[in-house]
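S.K.:
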Amino acid sequence: IVQTSPGLLGLVHPGFICPLRRLLEEEQAAYKRKLQAYQEGQQRQAQLVQKLQAKVDPFRGGIQLDASGSQPEEESSNELENALIRLEEEQQRSSSLVQVNSMLREQLEQANVANAALSEDIRKLTADWARARDELEQREAEWRREEEVGTPRTGTGILQGAAAGRGM
Numbered sequence: 001i002v003q004t005s006p007g008l009l010g011l012v013h014p015g016f017i018c019p020l021r022r023l024l025e026e027e028q029a030a031y032k033r034k035l036q037a038y039q040e041g042q043q044r045q046a047q048l049v050q051k052l053q054a055k056v057d058p059f060r061g062g063i064q065l066d067a068s069g070s071q072p073e074e075e076s077s078n079e080l081e082n083a084l085i086r087l088e089e090e091q092q093r094s095s096s097l098v099q100v101n102s103m104l105r106e107q108l109e110q111a112n113v114a115n116a117a118l119s120e121d122i123r124k125l126t127a128d129w130a131r132a133r134d135e136l137e138q139r140e141a142e143w144r145r146e147e148e149v150g151t152p153r154t155g156t157g158i159l160q161g162a163a164a165g166r167g168m
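Residue numbers for the sequence shown follow full-length UniProt numbering, beginning at 1 and rising by one.
(1) Closest by CA to Gln28, which one among Asp134, Ala116 and Thr126?
(2) Using only the alpha-carbon positions, how far apart do Val113 and Glu106 sit?
(3) Checking 9 Å against the spacing of the C-beta atoms, do Leu35 and Leu108 come in under that value?
(4) With a CB to CB cut of under 8 Å and the five nearest residues on each side skipped, what residues in its chain are close to Gln42?
(5) Using 8 Å for Cβ pairs, my map puts Val49 next to Leu80. What's the rounded Cβ distance?
(6) If we call anything under 9 Å between Cβ atoms a contact, is Leu24 one with Ala111?
(7) Can you give the beta carbon distance from Tyr31 to Leu125, rounded, assuming they're within the 8 Å contact cut?
(8) For a quick check, are the C-beta atoms of Glu88 and Gln45 less than 9 Å apart?
(9) Roughly how many angstroms lie between the CA atoms of Arg144 and Arg133, to the nearest whole one?
(10) Any idea if Arg21 is buried or exposed, counting beta-carbon neighbours within 10 angstroms, 16 or more meaning buried?
(11) Please list, in chain order, all residues of the same chain as Leu84 whose beta carbon is under 7 Å from its beta carbon, the five residues on each side excluded.
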């Protein structure tokens, strides 16, 4: 998020800073939403893997008994095979989500670095704007003083014109 002092923002044209700040905030929020969605997906995948592991574990120790007695070995073997296939698929999806999560974290870090650089640029522009405004105000004040004393302005500069007008 762009951080500048509220007093200096009044010196820079709002049409320049507001859209830039809004764009940066929207981009950062989008990255955070994506990151959160992938983290939630990872959590769901991990829970599913745990459930599948819990179903597979009894098969590893032998044949699972159901409520009516023992299941035929072939049926039990098919269930085990299906559970292992689902487990592998979920582990692959989980691995993929880890990669995407890592990529999004990197992009978020890059966005934060860019945001910091843009914030510094805005700070510098604000300072330059303030200096230019102060210089303009000083020149206007000098011009008004010259107008009040009736000193004619020349193209050679305010102070030289004032000195020439007084016969110096």
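Glycine is no exception: its CB is placed at the ideal position from the N, C-alpha and C atoms.
M.R.: The short version:
(1) Within the sequence shown, the letter at position 28 stands for residue 28. That would be Ala116, whose Cα lies nearest to the Cα of Gln28.
(2) What you label residue 113 is simply residue 113 of the sequence shown in a count that begins at 1. What you label residue 106 is simply residue 106 of the sequence shown in a count that begins at 1. Rounded to whole angstroms, Val113 to Glu106 spans 11 Å at the Cα level.
(3) For the purposes of this step, residue 35 is taken as the residue at position 35 of the sequence shown. For the purposes of this step, residue 108 is taken as the residue at position 108 of the sequence shown. Against a cut-off of 9 Å, the Cβ pair of Leu108 and Leu35 comes out as a contact.
(4) Position 42 of the sequence shown, counted from the first residue, corresponds to residue 42. Taken in chain order, the residues that qualify are Ser94, Leu97, Val98 and Asn101.
(5) As a first step, residue 49 is located in the sequence shown; it is residue number 49 there, counting from the start. As a first step, residue 80 is located in the sequence shown; it is residue number 80 there, counting from the start. So it is not a contact: roughly 16 Å between Cβ atoms.
(6) Position 24 of the sequence shown, counted from the first residue, corresponds to residue 24. Position 111 of the sequence shown, counted from the first residue, corresponds to residue 111. In contact: Leu24 and Ala111 (Cβ atoms closer than 9 Å).
(7) Numbered from its first residue, the sequence shown carries residue 31 at position 31. Numbered from its first residue, the sequence shown carries residue 125 at position 125. That pair is no contact at about 25 Å.
(8) Taking the first residue of the sequence shown as 1, we reach residue 88 at position 88. Taking the first residue of the sequence shown as 1, we reach residue 45 at position 45. Going by C-beta atoms, Glu88 is not nearer than 9 Å to Gln45.
(9) The residue you call residue 144 lines up with position 144 of the sequence shown. The residue you call residue 133 lines up with position 133 of the sequence shown. In a straight line, the C-alpha of Arg144 is about 16 Å away from that of Arg133.
(10) Mapped onto the sequence shown, residue 21 falls at position 21. Burial call: buried.
(11) For the purposes of this step, residue 84 is identified with residue 84 of the sequence shown, where counting begins at 1. Excluding positions up to five away in sequence, the list reads Val56.
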